[in-house]
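**Student:** Reminder that position 23 of the sequence shown reads as 23 in full-length UniProt numbering, one-by-one numbering, no gaps. Glycine is no exception: its CB is placed at the ideal position from the N, C-alpha and C atoms. Once you've had a glance at the structure underneath, I'll fire off some questions.
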Amino acid sequence: VTTGQRVVPARAKELGYVFQYPSLVPALASILTP
């Protein structure tokens, strides 16, 4: 699941997990937008 300092979600994706925010920009926008 982790390789060094980078988290690799490959195993979670293989198991069918769907991320609400697949990248950082939309996740941060969701948090920072009033």
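Tell me the rounded alpha-carbon separation between Pro26 and Val18.
**Tutor:** The straight-line gap from Cα to Cα measures roughly 15 Å.
**Student:** Run through DSSP, which three-state label would Val25 get?
**Tutor:** If DSSP states are grouped into helix, strand and coil, Val25 belongs with the helices.
**Student:** In angstroms with no decimal places, state the Cα-to-Cα distance between Gly16 and Pro22.
**Tutor:** Each residue's alpha carbon lies about 13 Å from the other.
**Student:** Please report how far the alpha carbon of Leu24 lies from the alpha carbon of Ala10, in whole angstroms.
**Tutor:** Computed Cα separation, rounded: 16 Å.
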